[in-house]
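Take the sequence shown: its position 9, counting from 1, is numbered 1000 in the working numbering, and each next residue is one higher.
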Amino acid sequence: MQQGTLMRKVKSKSWKKQRYFKLQDDCMTIWYQSKRTGKTESAFSISDVETVREGHQSEVLQSLADEFPPERCFTIVFYGRRGNLDLIAGSAEEAQCWVQGLRQLIEPRSFPLTSALVSRTWIRDWFQKADKNKDGRMNFKEVQRLLKMMNVDMNEDHALRLFQAADKSESGTLEGEEFVLFYKTLTQREEVLSLFQDFSEDGKKLTLLELVDFLRQEQLEDEGTEELAMELIDKYEPSETARARHALSADGFLMYLCSPEGSIFNPRHRALWQDMSQPLCHYFISSSHNTYLIEDQIRGQSSIEGYIRALKRGCRCLEVDCWDGPNGEPMVYHGHTFTSKIPFREVVSTLGKYAFKVGHPSPGAGCHGSWWCWPPAMQGLGNKKSHGEDGYPKVPTSPSPTPQELKHKILLKGKKIGRLEDMLDGPGDEVPDVSDDDNGAEAEEERRRVKVGGTQHGSALQKDKENLAQALSDCVIYCKSVSFRGFQEARSHSRPSEISSFAEAKARKLIRDAGNEFVRHNAWQLTRIYPSGMRTDSSNYSPQEMWNVGCQIVALNFQTAGMEMDLCDGLFSQNGRCGYVLKPPFMRDEETLFNPSDPGSREGPGPITLTIQVISGQQLPKVANTKDGAVIDPLVRVEIHGVPADQARQETKYIENNGFNPRWDETLQFQLHVPELALIRFVVEDYDKTSRNDFVGQFTLAFTNIKPGYRHIHLLSKDGTSIPPSSLFVHIRITE
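Here's what the structure looks like:
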């Protein structure tokens, strides 16, 4: 990659500043400085970069499409809430040099899995951080600084002994392999070594049979165990000699435990593993609310970035709120508020690019306003709409199609003229149905438009509006929005192709008053839940209580981090991240007796006991904005989210001044009555006796995805991004 490249940093159509960008010698940091002043403005680490997008793939770069060709433009996307960096290179060649170079740097990034085989890049990163005078060596004072940075409050005499043991040249400094040796000694895992020796007869290696015993007795691997043992040796044993003898060293054992095969998350469930041929209403579907917003609901920014981020997280149900814009072009924003606006054309183009990059089937889309079907804008979807080639809807083969049948299709959820079967005889005369499926102000605005079209603008305009409304209606096939007037009314008069929406408060009332009826309703028809209009700060409600009654489309504000989005990410991290998770059998039966308030109503085996031994933690991150030299006091809390009877939380004691390798060795136990609906959330916090604990990291997964045995849990940040190499080491047991 070229270094010291002059490029334009772009923030808006009128704000384009030239900056020199340079990759530092550590290959981990990029800084840029002003061309005019020569002062360094900012720097960022390669580890902060999520991806690089080529071309006009941001609103800002799209606005400059007439001025700069796409070959010279690219966007650096960061993890979390940090804003993207839009850049324009001097030539297509320079742009490609940076794009390909950055991708090569971020692509091989992975967890430094073991003390023995820790990534050289990761070690070098720590070395660069600690080498304050940048002389390529590290004296003892810098070692002490390093320990503080790594969240270790180590006795000075012990630190000096480690330093002197690694200083083979006796120069009083560490460099090269000496620092690697120091790092390995520092990261040695006594608890893993002890477990290794429990199964190793000579304490130096695990023979093939000894590894098979460990896999069967502790990891509860009962199928193809010998073949699995051979695969693990071939994959994780660093020594060629040991591999040839079908043996696993202590280093190989640790590497296996830190690998996907040693994760608490069943690796088989990472791929698409569930039946995708069930009706749509039999799945939980990852869903977002006001997807275009990346801030609050009143004055926040609308951005196509909201759609890109949601789709990349596996979201399958997106919301597109369309309103009249200048020159008849529809705009997307939160109606009756001061949020910014984006052209509908750009939203459709973005959906066309990103809808199927993650996962498998089709995202839905909510819409408001009969102009949504403005033909030029719809071209961006290509042939992904669920239409026939002549522009008319295909007659559905079943009233409720399956994700497999709708693969690579986009469904539109909205209001419709007449019922689904009326389409066979052409357009009807019915006034567009106005349901209570969204915020009251928006529903009232729709009623106003229908009224205005009929009483104030004359027959010509009314005819035009009817034509537009019909065009929109024709796009809505399987998800017609209808008002909800009770479960009995729905059972008698509604269709599986229809959908009702509820604000969170109304949904809670239905759960309290008619839990079983709600579950039965959701076994044959789709239900959408959306946040209260009072959540102007884009906060979220807990989706768990809605999933407990089988609600499929539980819409959340994806831009707001917290426990609620952790649960959403945890549930949908399985099944290939396709955004669809099959509901348990007792929630797919229209005659089910299940009621989440009465766990005994669930058919099947009795309660199970989940036992979790929290053993240790590794390289936990420091809390943001803490004082230099501060070291965290970590504790682990385990939360159970499920039916009311299963809701629980327990936590360990806190460990003083050790975020690097804390040991808890504490056992927590939970009883689960409906494990099929349970989500397990592991949270690490920095204990504070005078104020609220600070968040350190978390990991959430569905109970059905847990692998028993000795497992590592790789922690995620508040925004749901990985924070390598931070992890927990636990032992899991499940008994009936």
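Backbone N, C-alpha and C define an ideal beta-carbon position, used for all residues, glycine too.
Inset, instruction - Identify, in the order they occur along the chain, each residue of the same chain with its Cβ nearer than 7 Å to the Cβ of L997, setting aside the five sequence neighbours on each side. - result: Q1009, Y1011, K1026, G1081
Inset, instruction - Identify every run of the beta strand (DSSP E) within the region 1054-1098, keeping only runs that are complete inside it and at least 3 residues long; order them along the chain. - result: 1064-1069, 1076-1079
Legend entry - Residue range of the unbroken alpha helix (DSSP H) whose run includes W1655: For W1655, there is no enclosing alpha helix (DSSP H); the residue is part of the beta strand (DSSP E) that begins and ends at 1654-1663.
Legend entry - Closest residue to Q1641 among G1650, N1652, V1675 (Cα-Cα distance): Taking only the C-alpha atoms, the option nearest Q1641 is V1675.
Legend entry - Endpoints, the alpha helix (DSSP H) within which T1341 is located: 1335-1345
Legend entry - the region 1471-1491 in contact with the region 1506-1525 per 3-pair CB rule at 8 Å: Touching, yes.
Legend entry - Rounded C-alpha distance that separates Q1048 from P1666: Put simply, the backbone Cα of Q1048 is about 43 Å away from that of P1666.
Inset, instruction - Measure the alpha-carbon distance for S1592 versus L1284 and round it to whole angstroms. - result: Roughly 41 Å between the two C-alpha positions.
Legend entry - Alpha-carbon to alpha-carbon, L1663 and Q1638: 9 Å
Inset, instruction - Could you check the C-alpha separation between I1401 and L1165 for me, to the nearest Å? - result: 59 Å
Inset, instruction - Could you give the DSSP three-state label for R1307: helix, strand or coil? - result: In the three-state reduction of the DSSP assignment, R1307 falls in the coil class.
Legend entry - Alpha-carbon spacing of Y1645 relative to D1057, whole angstroms: 58 Å
Legend entry - Run of the beta strand (DSSP E) containing S1491, from where it starts to where it stops: 1489-1494
Inset, instruction - Quickly, what does DSSP pair I1723 with across the bridge? List them, please. - result: I1603, G1700
Inset, instruction - List the DSSP bridge partners of V1674. - result: R1628, Q1689
Legend entry - Same chain, Cβ closer than 6 Å to E1337, five either side skipped, listed in chain order: I1295
Inset, instruction - Over the uninterrupted beta strand (DSSP E) stretch that includes W1006, give me the two end residues. - result: From DSSP, W1006 is part of no beta strand (DSSP E); its letter is neither H nor E.
Inset, instruction - Go through its chain and collect everything with a Cβ distance to E1182's Cβ below 6 Å, but skip five positions before and after it. - result: Once the five neighbours on either side are set aside, the close Cβ partners of E1182 are I1606, S1607.
Legend entry - Runs of alpha helix (DSSP H) lying entirely within the region 1248-1316, each at least 4 residues, in chain order: Counting only runs that start and end inside the region 1248-1316, the alpha helix (DSSP H) elements of at least 4 residues fall at 1295-1303.
Legend entry - Same chain, Cβ closer than 6 Å to R1044, five either side skipped, listed in chain order: Answer for R1044: T1066, listed in chain order.
Inset, instruction - Pull up the CB-CB distance for T1551 and N1566, whole angstroms please, since I reckon it's below 8 Å. - result: So it is not a contact: roughly 24 Å between Cβ atoms.
Inset, instruction - Indicate the three-state DSSP secondary structure (helix, strand or coil) for D1741 in the structure shown. - result: Residue numbering for the chain in the displayed model covers 992 to 1727; residue 1741 lies beyond these limits and cannot be assessed.
Legend entry - the region 1698-1707 in contact with the region 1206-1220 per 3-pair CB rule at 8 Å: yes
Legend entry - Rounded separation between H1327 and W1314 - CA only: 10 Å
Inset, instruction - Please confirm if the region 1581-1600 is in contact with the region 1542-1550, defined as three or more CB-CB distances below 8 Å between the two stretches. - result: no
Legend entry - DSSP bridge partner residues for A1546 (one or two, in chain order): S1278
Legend entry - Contacting residues, own chain, Cβ-Cβ under 7 Å from L1248 (five flanking each side not counted): V1183, Y1701, H1703
Inset, instruction - Name the residue from E1657, V1051, P1576, D1677 whose alpha carbon lies nearest to the alpha carbon of S1293. - result: V1051
Legend entry - Rounded separation between W1089 and K1123 - CA only: 28 Å
Inset, instruction - Taking K1026 as part of the beta strand (DSSP E), name the residues at either end of that continuous run. - result: Counting along the chain, K1026 falls outside any beta strand (DSSP E), and DSSP gives it neither H nor E.
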